[in-house]
Amino acid sequence: MLIIKYNLVALTLSLTSLLMVEGLANGSFASGNLLFLPMGASIFSYLLFGFGVLPGIAIANTLFGYFFWDSWSGLGFPGFTGHVVVGSLAPIAAMLMMRLFNLSNFFDGQKLNFRHVVFLVILTAFINTLSKFFIYMSVLPIAPDPAIFFSTYLIGDMLGGLVFVYVVSRISTFLIKQ
Amino acid sequence: MKQFLTYNLIAFLAVLISRLIIVPFDHVDISIGNYIWLPMGAAILAPLLFGFKSLPGVVAGYFLATFISKGGVWEAIHIYSYLGKLIDSVAPIASILMMRFFHLSDFFDSGKINYAHVMFLVILASFVATVAKVFVYPMNGKIIPDPSLFIQTYLMSDILGGVVFIYLIFKFFTPQLIKNKLI
């Protein structure tokens, strides 16, 4: 029962963050949104609730991409693969990688280790950008400029991830203290 | 001073030799990477074992190897090769600094090298080097016709070469490294 609640929270966080940055989107997958908050939402959800919230995040990404982006700007299945599959799995891949190499568990006792989380955001941005590049490069009608693609996606993911995690953790701390 | 020169000479020879022995695996097309880029391992181990002061040796080794294997300096394609080697020399240092800054690892646990962290360092350095090259190399189709293939092959070759080189060094030179108090 708890997992359904967690999934609903993750879905709400992802959907809200997607809606918040919709105004900054440029309507094409050739360059990224420069403040991609959903990256932070998924990282935050996985850290807080575990990998069990994957369905919630995937459903949020699917609903948004299908209805708001008109089936991923007409890209269809490759658009779904890039946005939903890669977007939802990249943070998991980064977290598993950091755990596999004994780098971090992200928590020192009960406290979140922010330095490690910042690095997790950077690593997720790398994995997400590279994977999306391989998918979109072959399906976009006009091949994107790799330098623009990498710079916008990397900066967007890092900035969005950091801003979301920082703001939400500050708000949560404040609410817990109250 | 003697130690500085010795370390730089070892780094220089490690990079030069590891680069020259993989020349037969080079592709004529610069956009396709050599599938086992051993010098990445040398460029990672040098700053790890000798400190960042070994950078001149690494850069010199890369440059001489490029001069020998490519045979030119001033043509555009050669200039990009040298820039790429500069990135290959600096990327491991950037990755080491990054991992230290975020308190992820110091690569040594009470004097003993942490292999898991070094393997992650290889992957991170390969990511950094490959992405940096995307910004430096012209991806307009003249020199790099297929950016996807470029990124795939360079990333794979850096990771594979780095892991193989480091494995071989620790397999055959561990007693010497311990004797010289490097690990």
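In the order they appear, the protein sequences are chains A and B. Take numbering that gives the first Met the number 0: the last position of the first sequence gets the number 177, and nothing is skipped along the way. Take numbering that gives the first Met the number 0: the last position of the second sequence gets the number 182, and nothing is skipped along the way. Note that CB positions come from ideal geometry on N, CA and C, so glycine has one too.
Give me, in chain order, the residues of the same chain whose beta-carbon lies closer than 8 Å to that of residue 138 of chain B; leave out the 5 immediate sequence neighbours on both sides.
Here residue 138 of chain B corresponds to residue number 139 of the second sequence, with the count starting at 1. The answer, listed in chain order, is 146 and 149.
Measuring alpha carbon to alpha carbon, tell me which of A:42, A:41, A:23 and A:27 ends up nearest residue 34 of chain A.
Residue numbering aside, residue 34 of chain A sits at position 35 when the first sequence is read from its first letter. Per the Cα distances, A:23.
Between B:123, B:89, B:109 and B:65, which has its C-alpha nearest residue 79 of chain B's C-alpha?
As a working mapping, residue 79 of chain B is identified with position 80 in the second sequence. Of the candidates B:123, B:89, B:109 and B:65, the one whose C-alpha sits nearest the C-alpha of residue 79 of chain B is B:65.
Can you tell me the Cα-Cα spacing of residue 170 of chain B and residue 87 of chain B, whole angstroms?
Here residue 170 of chain B refers to the residue found at position 171 when the second sequence is read from its first residue. Here residue 87 of chain B refers to the residue found at position 88 when the second sequence is read from its first residue. Distance between the alpha carbons of residue 170 of chain B and residue 87 of chain B: 24 Å.
Within the 8 Å Cβ cut-off, does residue 114 of chain A reach chain B?
On the first sequence, position 115 is the one that residue 114 of chain A refers to. Chain B contact via Cβ: present.
At a cut of 8 Å, does the segment 136-153 of chain A reach the segment 23-42 of chain B through at least three beta carbon pairs?
These segments do not touch.
Is residue 134 of chain A closer than 8 Å to residue 81 of chain A when the C-beta atoms are compared?
Here residue 81 of chain A refers to the residue found at position 82 when the first sequence is read from its first residue. Here residue 134 of chain A refers to the residue found at position 135 when the first sequence is read from its first residue. In this structure, residue 134 of chain A lies closer than 8 Å to residue 81 of chain A by Cβ.
Can you tell me whether residue 97 of chain A is buried or exposed? The criterion is at least 16 other CB atoms within 10 Å of its CB, across all chains shown.
The residue labelled residue 97 of chain A in the question sits at position 98 within the first sequence. By the 10 Å Cβ count, residue 97 of chain A comes out buried.
Name the two residues that bound the continuous alpha helix (DSSP H) containing residue 48 of chain A.
Position 49 of the first sequence, counted from the start, is the residue given in the question as residue 48 of chain A. Start and end: 36-48.
Buried or exposed: which applies to residue 178 of chain B, given that a residue is buried once 16 or more other Cβ atoms fall within 10 Å of its Cβ?
In the second sequence, counting from the first residue as 1, residue 178 of chain B sits at position 179. That one is exposed.
Can you list, in chain order, the residues of its chain whose CB lies under 7 Å from that of residue 128 of chain B, leaving out five sequence neighbours each side?
Taking the second sequence and counting its residues from 1, the one referred to as residue 128 of chain B is at position 129. So the list reads 86, 87, 90 and 157, once near-sequence residues are dropped.
Measure from the alpha carbon of residue 106 of chain A to the alpha carbon of each residue in A:3, A:30, A:46 and A:175, then state which is nearest.
Residue mapping note: residue 106 of chain A aligns to position 107 of the first sequence, counting from 1. Nearest of A:3, A:30, A:46 and A:175 to residue 106 of chain A, Cα basis: A:46.
Is the distance from the Cβ of residue 40 of chain A to the Cβ of residue 12 of chain A below 8 Å?
The sequence position of residue 40 of chain A within the first sequence is 41, counting from 1. The sequence position of residue 12 of chain A within the first sequence is 13, counting from 1. Taking 8 Å as the Cβ cut-off, residue 40 of chain A and residue 12 of chain A qualify as a contacting pair.
Excluding five sequence neighbours on each side, which residues of the same chain lie with their C-beta closer than 8 Å to the C-beta of residue 52 of chain B?
On the second sequence, position 53 is the one that residue 52 of chain B refers to. Excluding sequence neighbours, residue 52 of chain B sits near 3, 6 and 7.
Does the segment 135-149 of chain A touch the segment 160-176 of chain B, meaning 3 or more C-beta pairs lie closer than 8 Å?
The answer is no - the segment 135-149 of chain A does not touch the segment 160-176 of chain B, with fewer than three Cβ pairs under 8 Å.
Identify whether residue 108 of chain B lies in helix, strand or coil by the three-state DSSP scheme.
As a first step, residue 108 of chain B is located in the second sequence; it is residue number 109 there, counting from the start. In the structure shown, residue 108 of chain B sits in a strand (DSSP, three-state: E or B).
Which chain B residues are close to residue 74 of chain A, counting only those with a beta carbon under 9 Å from its beta carbon?
As a working note, residue 74 of chain A is residue 75 in the first sequence. By Cβ distance, chain B contributes nothing, its closest Cβ being about 16 Å from residue 74 of chain A, past 9 Å.
Within 8 Å of any Cβ in chain B, is that where the Cβ of residue 94 of chain A sits?
For the purposes of this step, residue 94 of chain A is taken as residue 95 along the first sequence, with counting starting at 1. Taking Cβ atoms only, chain B never reaches closer than 8 Å to residue 94 of chain A, which makes this a no.
Give a yes or no on whether the C-beta atoms belonging to residue 41 of chain B and residue 58 of chain B are separated by under 8 Å.
The residue you call residue 41 of chain B lines up with position 42 of the second sequence. The residue you call residue 58 of chain B lines up with position 59 of the second sequence. In this structure, residue 58 of chain B does not lie closer than 8 Å to residue 41 of chain B by Cβ.
From this set, B:98, B:56, B:103 and B:31, which residue's C-alpha is nearest residue 144 of chain B's C-alpha?
What you label residue 144 of chain B is simply residue 145 of the second sequence in a count that begins at 1. Answer by Cα proximity: B:31.
Check residue 110 of chain A in the structure and name its three-state DSSP category.
Along the first sequence, read from residue 1 onward, the residue named residue 110 of chain A stands at position 111. It is a strand residue.
Return the first residue and the last residue of the alpha helix (DSSP H) that residue 15 of chain A is part of.
Numbered from 1 along the first sequence, position 16 holds the residue referred to as residue 15 of chain A. Residue 15 of chain A -> alpha helix (DSSP H) spans 1-19.
Is residue 0 of chain B helix, strand or coil by DSSP?
Position 1 of the second sequence, counted from the first residue, corresponds to residue 0 of chain B. Coil.
May I ask you to list, following chain order, the residues of the segment 104-123 of chain B that have a beta carbon less than 7 Å from some beta carbon of chain A?
Listed by position along the chain: 104, 115, 116, 118 and 119.
Tell me whether residue 133 of chain B sits in a helix, a strand or coil according to DSSP, three-state version.
Along the second sequence, one-based indexing puts residue 133 of chain B at 134. Of the three classes helix, strand and coil, the one that applies to residue 133 of chain B here is helix, per DSSP.
Pick from A:28, A:116, A:2 and A:14: whose alpha carbon is nearest that of residue 52 of chain A?
Walking along the first sequence from the start, residue 52 of chain A turns up at place 53. Checking every option, the nearest Cα to that of residue 52 of chain A belongs to A:2.
For residue 120 of chain B versus residue 43 of chain B, is the C-beta spacing smaller than 8 Å?
Numbered from 1 along the second sequence, position 121 holds the residue referred to as residue 120 of chain B. Numbered from 1 along the second sequence, position 44 holds the residue referred to as residue 43 of chain B. In contact: residue 120 of chain B and residue 43 of chain B (Cβ atoms closer than 8 Å).
Are the C-beta of residue 77 of chain B and some C-beta of chain A separated by less than 8 Å?
In the second sequence, the residue the question calls residue 77 of chain B occupies position 78. Residue 77 of chain B does not count as touching chain A.
Using a Cβ-Cβ distance cut-off of 8 Å, determine whether residue 14 of chain B contacts chain A.
Reading the second sequence from its first residue, position 15 is the one you call residue 14 of chain B. No, residue 14 of chain B lies away from the interface with chain A (no Cβ there is under 8 Å from its Cβ).
Which same chain residues end up closer than 8 Å to residue 62 of chain A when comparing Cβ atoms and leaving out the 5 residues on each side of it in sequence?
On the first sequence, position 63 is the one that residue 62 of chain A refers to. Within the same chain, residue 62 of chain A has close Cβ partners 14.
Going by DSSP, what residue range makes up the alpha helix (DSSP H) through residue 67 of chain A?
The sequence position of residue 67 of chain A within the first sequence is 68, counting from 1. Neither: residue 67 of chain A is in no alpha helix (DSSP H) and is coded neither H nor E.
Can you tell me whether residue 174 of chain B is buried or exposed? The criterion is at least 16 other CB atoms within 10 Å of its CB, across all chains shown.
Indexing the second sequence from 1 puts residue 174 of chain B at position 175. It is exposed - the Cβ of residue 174 of chain B has fewer than 16 other Cβ atoms within 10 Å.
Nearest to residue 113 of chain A by alpha carbon, out of B:101, B:56, B:112 and B:114?
Residue 113 of chain A sits at position 114 when you count from the first residue of the first sequence. That would be B:101, whose Cα lies nearest to the Cα of residue 113 of chain A.
Could you please give the first and the last residue of the uninterrupted alpha helix (DSSP H) stretch that includes residue 162 of chain B?
On the second sequence, position 163 is the one that residue 162 of chain B refers to. That run of the alpha helix (DSSP H) goes 146-178.
May I ask you to report which of helix, strand or coil DSSP gives residue 27 of chain B?
As a first step, residue 27 of chain B must be located in the second sequence, where it is residue number 28. Three-state result, residue 27 of chain B: coil.
Within the 8 Å Cβ cut-off, does residue 134 of chain B reach chain A?
Residue numbering aside, residue 134 of chain B sits at position 135 when the second sequence is read from its first letter. By this cut-off, residue 134 of chain B is an interface position.
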